[in-house]
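Accompanying notes for the structure given below.
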Amino acid sequence: MKKIEFLPLLLSALIMAVAVSCSDPKEEEFCQEFELVTNPSCEAPTVCCPEEGNCYYLATSTGKKYPCDASQATENDKNGCDKAENDYINENCDTTKMSVADRKSIKLELTAFTRKMMVKARNYSLCN
Amino acid sequence: MLNKKKIVYIFILTISIIIFAIIVVKTFFVKDKIRQIETELSQRDLDIVFGNDSTLVSVFLYANYGCPYCCKFFNEVYPAIEDEYINSGKVKIIMRLTFNSANQDLTTAMKVAVCVNKFGNYEYLHQLFLSQSNIVYTTDFHDMVDEFIDKDIQVAECILGGAADEYIKDNIEEFEALNLKGVPTFVIESKIYYGFKEYDSFKKILDYHLTH
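Top to bottom, those sequences are chains D and U.
Numbered as in our numbering, the first sequence ends at 128 without a single skipped number.
Numbered as in our numbering, the second sequence ends at 1212 without a single skipped number.
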């Protein structure tokens, strides 16, 4: 077969290569995406679901149950739910993800520049 | 009857024509799919604004300081935009803090940001958040917030009185209502631009809006 018969294919390949190489990259990839499913009650899982005399807190995102233990009830914790509530918060709430030790390590890791900015922010952020 | 050579040739030619047609259609007839919103956004009282009030183009930026590409935008792209567009009064950037966390430290820090911006000088806090967003979890930062509340009644009322809470809640609700994907997202006039953009790309966008 004559080589010229491949010319249209080569031409198309060339145009396609140019078109693809000149197109902008997908900049959406740079986007820091997040799901906007907020859990405002996270810090206080007040809805305790009844179950066979006891009740449990339910993490809706994972489906995990945190059952109360009536046998551990005290005067201040009449349903024995303190442990379940604490476990729920520890595993599901952002505020507890950073421990006191973590906070201290961040404090130690602050750069000199950040410290300088901190002083400036403290001194110059208010008008009076 | 067609011989084998002709069949191969017709096949190659047909494929070539199809590919060529697809390229032509894609290149010249399919417009960029930039999403548009139905109504233009307007500036709110607690917005953090970089630039003058009387500008030709308002860029609404949904961002937070925990987002690396938001910080990259402010560190690498914003200075050039400031030189060419903001200082000359052509453009202002209206930052709407948007984050997805029930974290109390973070929420407080964002409230401090909008309130200090409204009633004080936000420049240094902005630089502090850019340099180290995790600063909001430190006791030093908590002490500074307490000091702000003690020293400035307007800042205190803004932080503790619910105005900042309401503003941040509105930002998140607006973000959801516009069905935006994440941060940073820029809304200019009614067009939505997702993600971090290098200065050259951003310049093209700004020039387009300034000339149309």
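Ideal placement from N, C-alpha and C gives every residue a C-beta, glycine not left out.
Please report the Cβ distance between residue i and residue j, rounded to the nearest whole angstrom; I am assuming they are in contact, meaning their Cβ atoms lie under 8 Å.
i: Ile1094/U; j: Val1049/U; result: 5 Å
i: Ser125/D; j: Val1091/U; result: The Cβ separation is near 25 Å, so there is no contact.
i: Ser1016/U; j: Ser12/D; result: 5 Å
i: Ile1188/U; j: Val1057/U; result: 6 Å
i: Ile1168/U; j: Lys1111/U; result: 7 Å
i: Ile1081/U; j: Phe1175/U; result: Wrong, their Cβ atoms sit about 22 Å apart, outside the cutoff.
i: Ile1012/U; j: Leu10/D; result: Their Cβ separation, rounded to whole angstroms, is 10 Å, which puts Ile1012/U and Leu10/D out of contact at 8 Å.
i: Ile1019/U; j: Met16/D; result: 6 Å
i: Leu1160/U; j: Ile1149/U; result: 7 Å
Along chain D, which residues have their Cβ under 8 Å away from the Cβ of residue i?
i: Ile1023/U; result: Ser12, Ile15, Met16 and Ala19
i: Ser1131/U; result: Thr111, Phe113, Thr114 and Met117
i: Tyr1062/U; result: By Cβ distance, chain D contributes nothing, its closest Cβ being about 11 Å from Tyr1062/U, past 8 Å.
i: Glu1147/U; result: Arg122
i: Met985/U; result: Because chain U in this structure spans residues 1001 to 1212, residue 985/U falls outside the shown range and cannot be described.
i: Val1155/U; result: Leu126
List, in order along the chain, the chain D residues whose C-beta lies closer than 9 Å to that of residue i?
i: Ile1192/U; result: Per Cβ cutoff of 9 Å: no residues; Ile1192/U is ~11 Å from chain D at best.
i: Val1116/U; result: Ala121, Ser125 and Leu126
i: Leu1206/U; result: Chain D residues near Leu1206/U: none, gap ~15 Å exceeds 9 Å.
i: Ser1050/U; result: Looking at the sequence shown, residue 1050/U is not Ser but Phe. Correct list: empty, because the minimum Cβ distance to chain D is about 16 Å.
i: Phe1119/U; result: Leu126 and Cys127
i: Ile1037/U; result: In chain order: nothing, as chain D lies at least about 17 Å away.
Identify, in the order they occur along the chain, each residue of the same chain with its Cβ nearer than 6 Å to the Cβ of residue i, setting aside the five sequence neighbours on each side.
i: Gly1066/U; result: Ser1133
i: Asp87/D; result: Tyr66
i: Val1024/U; result: none
Would residue i count as contacting chain D if we go by Cβ distances under 7 Å?
i: Ser1016/U; result: yes
i: Gln1043/U; result: no
i: Lys1151/U; result: yes
i: Phe1020/U; result: yes
i: Ile1188/U; result: no
i: Ile1012/U; result: yes
i: Asn1171/U; result: no
i: Glu1174/U; result: no
i: Asn1075/U; result: no
i: Leu1125/U; result: yes
i: Leu1046/U; result: no
i: Leu1097/U; result: no
i: Leu1178/U; result: no
i: Leu1235/U; result: No answer is possible for residue 1235/U: it lies beyond the span of chain U, which begins at 1001 and ends at 1212.
Run down chain U in chain order and give the residues with a C-beta less than 8 Å from the C-beta of residue i.
i: Thr62/D; result: None at all; the shortest Cβ gap to chain U is about 16 Å.
Which same chain residues end up closer than 8 Å to residue i when comparing Cβ atoms and leaving out the 5 residues on each side of it in sequence?
i: Pro1184/U; result: Leu1061, Tyr1062, Ala1063, Cys1067, Tyr1069, Cys1070, Phe1073, Gly1195 and Phe1196
i: Ser71/D; result: Gly80
Would you check if the distance between the CB atom of residue i and the CB atom of residue j is smaller than 7 Å?
i: Lys64/D; j: Tyr56/D; result: no
i: Leu1128/U; j: Ala112/D; result: no
i: Ser1224/U; j: Gln1043/U; result: A query on residue 1224/U cannot be resolved here, the shown segment of chain U reaching from 1001 to 1212 and no further.
i: Cys68/D; j: Gly1120/U; result: no
i: Tyr1199/U; j: Val1077/U; result: yes
i: Ser1131/U; j: Met118/D; result: no
By Cβ distance below 7 Å, which residues in the same chain neighbour residue i in space, the five residues on each side in sequence not counted?
i: Asn1052/U; result: Gly1089 and Lys1092
i: Ala1164/U; result: Leu1046, Lys1111, Val1114, Cys1115 and Cys1158
i: Glu1040/U; result: Glu1189 and Ser1190
i: His1209/U; result: Val1057, Ile1188 and Glu1189
i: Tyr1085/U; result: Val1091 and Leu1206
i: Leu1106/U; result: Phe1099 and Val1136
i: Ala1156/U; result: Ile1149
Could you check whether the Cβ of residue i sits closer than 7 Å to any Cβ belonging to chain U?
i: Pro8/D; result: yes
i: Ile89/D; result: no
i: Thr46/D; result: Note on Thr46/D: pLDDT 43, under 50, position unreliable in the model; the coordinate value appears next. Chain U contact via Cβ: absent.
Starting from the beta carbon of residue i, find every residue of chain D whose beta carbon is closer than 7 Å, and list them in chain order.
i: Leu1160/U; result: Going along chain D, no residue has its Cβ under 7 Å from Leu1160/U, so there is no contact; the nearest lies around 15 Å.
i: Val1091/U; result: Result: empty, since nearest Cβ-Cβ is about 19 Å, beyond 7 Å.
i: Ile1081/U; result: Ordered by position in chain D, no residue passes the 7 Å Cβ test against Ile1081/U, which lies about 16 Å from the chain.
i: Ile1007/U; result: Simply none; closest approach about 11 Å.
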